[in-house]
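**Student:** As numbered in the UniProt record's numbering, residues 1 to 508 make up the sequence shown, in order.
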Amino acid sequence: MDGLDYERPISAINHHVSAGTYVSPRPIELDSPGSLSGRYLGGVLNADGYFTFDEFAENVLGSSESWQDASRSGNASQQIAIATSNAANQASPSTLSEGLWSPGFDGSTPRLDRILERGVALFFRHIYLVYPLLDQRRIAALLSRFTELGTTESGLLKSICALTLVTVEFWPTMTAERRIVLAREYIRQCLEARLSHNLIEHATMDDVLTSLFIAVAYFDLKCRKTSWFYLREAISLAHLAGISTTIENTEIDHPEKIRRQRLYALLFITERGACIHDSFPVSIMLPPDLTGEVLPDEDPAISLGLSSIHRLFSILDMDFVRVWNGAVSSFSTAEKTTELAILHAHLRQPFQIDGVSETQRADVLVTQQWLRLTIWQAALRLGLISSSAVEPEFAYTFPIELAYALREVLETLSPAAIQAHGLGIFEKQFEIVYSLLDVLALPGSSQTTDHHEVLLSLLLSLSASPKSRDVYVRILQKRMTQDSTTGTWQKYVSLANVELLLDDQRKH
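1. Helix, strand or coil for A241, going by three-state DSSP, please let me know.
2. Using three-state DSSP, classify A464 as helix, strand or coil.
3. With DSSP collapsed to three states, give me the class of A395.
4. By how many angstroms is the C-alpha of I160 removed from the C-alpha of E453?
5. So, using beta-carbon positions, are V120 and L163 closer together than 7 Å?
6. Apply the 10 Å Cβ neighbour rule to K158 and answer buried if 16 or more other Cβ atoms are within range, or exposed otherwise.
7. Can you tell me whether S386 is helix, strand or coil according to DSSP?
8. Taking the straight line between their C-alpha atoms, what separation do you get for L462 and N198?
9. Assuming contact is defined by CB atoms lying nearer than 7 Å, are I302 and P132 in contact in what I supplied?
10. Pick from L436, S414, S314 and S144: whose alpha carbon is nearest that of A395?
11. Within the continuous alpha helix (DSSP H) that includes V216, where are the two ends?
12. With H, G and I counted as helix, E and B as strand and the rest as coil, what does DSSP make of P281?
13. Would you say A274 and W324 are within 7 Å of each other, going by their C-beta atoms?
14. Give the range of the alpha helix (DSSP H) segment to which R361 is assigned.
15. By Cβ distance below 6 Å, which residues in the same chain neighbour A19 in space, the five residues on each side in sequence not counted?
16. With 16 other CB atoms within 10 Å as the buried threshold, where does G305 fall?
17. Quick one: is L286 buried, meaning 16 or more other Cβ sit within 10 Å of its Cβ, or exposed?
18. Considering only the beta carbon of each residue, do I269 and F313 sit closer than 7 Å?
19. According to DSSP, is residue 509 helix, strand or coil?
20. Taking just the CA atoms, how far does D317 sit from H346?
21. When DSSP labels each residue in this structure, what does E271 get in the three-state scheme?
22. If you reduce the DSSP assignment to three classes, tell me which class A403 lands in.
23. What is the DSSP secondary structure of H254, reduced to helix, strand or coil?
24. Indicate whether S283 and I235 have their beta-carbon atoms separated by less than 7 Å.
25. Is the beta carbon of D207 sitting closer than 7 Å to the one on T152?
26. Which two residues bound the contiguous alpha helix (DSSP H) that contains D317?
27. Considering residue 517, what are the terminal residues of the alpha helix (DSSP H) in which it resides?
28. Reducing DSSP to helix, strand and coil, say where Y128 ends up.
29. Output the distance between the C-alpha atoms of D220 and P466, rounded to the nearest integer angstrom.
30. Got a sec, what are the start and stop residues for the alpha helix (DSSP H) I353 sits in?
31. Does the Cβ-Cβ distance between V168 and L122 come in under 7 Å?
32. Can you name the start and end residues of the alpha helix (DSSP H) that residue 536 belongs to?
33. Check Q349 in the structure and name its three-state DSSP category.
34. Measure the C-alpha to C-alpha separation of D470 and L460 and round it to an integer number of angstroms.
35. Would you call V438 buried or exposed, if buried means 16 or more other Cβ atoms sit within 10 Å of its Cβ?
36. Can you give the Cα-Cα distance for T412 and L195, rounded to whole angstroms?
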């Protein structure tokens with residue numbers, strides 16, 4: 001699978017537990033930028049910024065060549081030069097500075113850096129709703145005098161661009177591979193510049209943001225350990241910069257207090273997510289305060305959306321974290337069952353997200369179903385799942401219910417709203433689909449047409465992103481192929497090839 005492997009043993013439902021240790025469903029970390037395959041598939045986007053189904057089928061699903069690694073030629077500097085030349089020819093999507101100059105990547109004569117300018121503009125168009133932490137006017141001012149900036153401010157801009165390069169697909173003149181090369185180069189420049197800056201003794205909010213954005217970018221680059229390292233760096237810098245105690249600081253103006261409070265809350269959310277994805281330890285033990293206040297001239301729905309995702313992760317208390325990470329617990333079986341049942345009850349509650357942007361709604365609703373799966377997996381590890389359970393959350397078939405719920409959520413969302421969250425939101429979907437396959441492969445499991453329709457719908461959603469298709473759909477294809485000897489997945493083995501999804505869709 002082109003350098004990808006999969007750690008989970010394939011043996012019906014019990015593959016979730018091996019010697020008492022849950023193995024997270026993820027591809028092994030790849031460190032080389034060349035390890036991520038992908039290419040830009042030409043096509044015209046509609047007015048909403050994403051493909052219609054027919055365009056998607058023609059441009060993405062229609063050719064089996066999309067499964068092949070794009071040919072790589074030239075070294076990194078050559079690819080950077082080509083990408084820079086191409087990007088310079090496209091118009092910026094915002095009104096940010098039109099005369100932006102920055103040093104060349106090789107330190108030579110300054111040149112017009114449309115990539116940096118476009119990256120920042122795309123951040124505010126597509127990613128700000130996920131990370132509502134920046135003052136757009138201030139960032140525009142920094143861009144206008146980029147060559148005069150110090151290490152901290154220039155590093156922030158480059159980290160924003162690196163994150164956008166690996167997360168947002170709207171770079172029509174650059175392949176995915178070239179975007180990865182550029183993103184890594186921006187990150188390298190950030191880290192190299194920090195060597196001459198006393199970061200620890202003089203940590204600022206910009207430094208924290210830079211480390212956070214680098215961490216998120218590395219997650220999308222499938223460098224999970226590196227991502228966690230820079231996330232922990234961001235948390236440490238937040239403590240050094242006094243961000244964790246912002247509410248007590250009377251010298252900071254109110255909008256800045258709101259941004260700092262949001263930043264620390266997002267660090268908590270991101271760390272809890274890393275704990276679940278990879279069983280990493282946590283350092284922020286208790287959910288930080290998040291008042292839900294609105295910034296001047298900001299849509300109130302942004303604060304509501306952030307508060308909703310904060311509430312979701314706050315449900316996962318330290319008792320759950322200890323269980324998830326395999327720490328010894330003195331709780332009895334009855335106490336564990338009660339605790340997990342309470343968590344399930346919280347996660348079943350509907351969220352009041354009327355008026356929240358589609359991008360934030362995607363984050364909240366997909367994460368809600370994924371966390372329900374996480375609680376179920378914890379119960380499975382503890383031996384609390386059975387075929388005779390009265391409560392569906394403690395039954396082997398619970399992933400089927402989650403798959404149906406996830407399909408209902410995805411049917412209300414556009415591809416653009418989902419893709420704004422990067423690879424993480426696709427991994428959440430993938431884990432639910434993989435668990436669905438586990439359940440449907442159990443002896444005596446119901447093989448209804450409805451179940452297969454749900455599987456088809458979720459496969460199609462996972463295929464919407466080139467990166468997700470190259471990683472998660474391939475893993476699912478391998479999973480189905482290994483079961484196909486029994487005839488269970490004979491039809492869906494071909495469906496996992498993605499380009500055949502359209503033909504099957506037309507048959508129903």
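Just so you know, even glycine gets a beta-carbon here, dropped at the ideal spot from N, CA and C. Just so we're clear, the structure is a prediction, and the values are computed from it rather than from any experiment.
**Tutor:** Looking at the atomic coordinates:
1. For the purposes of this step, residue 241 is identified with residue 241 of the sequence shown, where counting begins at 1. A241 falls in the coil class under three-state DSSP.
2. Against the sequence shown, residue 464 aligns to sequence position 464. The answer is coil: DSSP assigns A464 none of H, G, I, E or B.
3. Counted from its first residue, the sequence shown places residue 395 at position 395. In the structure shown, A395 sits in a strand (DSSP, three-state: E or B).
4. Within the sequence shown, residue 453 is the residue found at index 453, counting from 1. Within the sequence shown, residue 160 is the residue found at index 160, counting from 1. Spanning the two alpha carbons is a distance of roughly 39 Å.
5. Residue numbering aside, residue 120 sits at position 120 when the sequence shown is read from its first letter. Residue numbering aside, residue 163 sits at position 163 when the sequence shown is read from its first letter. Judged by beta-carbon spacing, L163 lies beyond the 7 Å limit of V120, meaning their Cβ atoms are not closer than that value.
6. As a working mapping, residue 158 is identified with position 158 in the sequence shown. K158 counts as buried, since no fewer than 16 other beta carbons sit within 10 angstroms of its beta carbon.
7. Residue 386 sits at position 386 when you count from the first residue of the sequence shown. In the three-state scheme derived from DSSP, where H, G and I count as helix and E and B as strand, S386 is classed as strand.
8. What you label residue 462 is simply residue 462 of the sequence shown in a count that begins at 1. What you label residue 198 is simply residue 198 of the sequence shown in a count that begins at 1. Roughly 43 Å between the two C-alpha positions.
9. For the purposes of this step, residue 302 is identified with residue 302 of the sequence shown, where counting begins at 1. For the purposes of this step, residue 132 is identified with residue 132 of the sequence shown, where counting begins at 1. In this structure, I302 sits near P132, with a CB-CB distance shorter than 7 Å.
10. For this step, residue 395 is matched to residue 395 along the sequence shown. Selected option, being the one with the closest Cα: L436.
11. Your numbering for residue 216 matches position 216 in the sequence shown. First-last of the alpha helix (DSSP H) with V216: M205 to D220.
12. Looking up residue 281 in the sequence shown gives position 281. The answer is coil: DSSP assigns P281 none of H, G, I, E or B.
13. Walking along the sequence shown from the start, residue 274 turns up at place 274. Walking along the sequence shown from the start, residue 324 turns up at place 324. No, these two residues do not count as a Cβ contact at 7 Å.
14. Looking up residue 361 in the sequence shown gives position 361. It spans E358 to R381 - the alpha helix (DSSP H) in which R361 sits, taken as one unbroken run.
15. Residue mapping note: residue 19 aligns to position 19 of the sequence shown, counting from 1. With a pLDDT of 32 at A19, under the threshold of 50, the modelled position of this residue cannot be trusted, and the question is left open.
16. In the sequence shown, residue 305 corresponds to position 305, counting from 1. Here G305 is buried, its C-beta having at least 16 other C-beta atoms within 10 Å.
17. Translated into positions along the sequence shown, residue 286 becomes position 286. By the 10 Å Cβ count, L286 comes out exposed.
18. Here residue 269 is taken as the residue at index 269 of the sequence shown, counted from 1. Here residue 313 is taken as the residue at index 313 of the sequence shown, counted from 1. Inclusion of I269 and F313 in the CB contact set at 7 Å is warranted, their separation being smaller than that value.
19. The structure shown does not extend to residue 509, since the chain spans only 1 to 508, so no value can be given for it.
20. Position 346 of the sequence shown, counted from the first residue, corresponds to residue 346. Position 317 of the sequence shown, counted from the first residue, corresponds to residue 317. Cα to Cα, the separation comes out at about 12 Å.
21. In the sequence shown, residue 271 corresponds to position 271, counting from 1. In this structure, E271 counts as helix in the three-state DSSP scheme.
22. As a first step, residue 403 must be located in the sequence shown, where it is residue number 403. A403 falls in the helix class under three-state DSSP.
23. Your numbering for residue 254 matches position 254 in the sequence shown. In the three-state reduction of the DSSP assignment, H254 falls in the helix class, which pools H, G and I.
24. Counted from its first residue, the sequence shown places residue 283 at position 283. Counted from its first residue, the sequence shown places residue 235 at position 235. Contact: yes.
25. The count along the sequence shown starts at 1 and reaches residue 207 at position 207. The count along the sequence shown starts at 1 and reaches residue 152 at position 152. Contact flag set, yes.
26. Reading the sequence shown from its first residue, position 317 is the one you call residue 317. Careful: D317 lies outside any alpha helix (DSSP H) and carries neither H nor E.
27. The chain is shown from 1 up to 508; residue 517 falls before or after that span and cannot be answered.
28. Mapped onto the sequence shown, residue 128 falls at position 128. Correct three-state label for Y128: coil.
29. To locate residue 220, count along the sequence shown from 1; it is residue 220. To locate residue 466, count along the sequence shown from 1; it is residue 466. Taking the straight line joining both Cα atoms gives about 12 Å.
30. If you number the sequence shown from 1, residue 353 lands on position 353. The continuous stretches of alpha helix (DSSP H) do not include I353, and DSSP gives it neither H nor E.
31. Indexing the sequence shown from 1 puts residue 168 at position 168. Indexing the sequence shown from 1 puts residue 122 at position 122. The Cβ-Cβ distance between V168 and L122 falls below 7 Å.
32. Look at the range of the chain in this structure, 1 to 508, and you will see that residue 536 is not part of it.
33. Counting from one through the sequence shown, the residue named residue 349 turns up at place 349. Coil at Q349, not helix or strand.
34. Looking up residue 470 in the sequence shown gives position 470. Looking up residue 460 in the sequence shown gives position 460. About 13 Å.
35. Locating residue 438 in the sequence shown gives position 438, counting from the first residue. The question names Val, but residue 438 in the sequence shown is Asp. With 16 or more other CB atoms across the displayed protein chains lying within 10 angstroms of its CB, D438 is buried.
36. Reading the sequence shown from its first residue, position 412 is the one you call residue 412. Reading the sequence shown from its first residue, position 195 is the one you call residue 195. Distance between the alpha carbons of T412 and L195 is about 46 Å.
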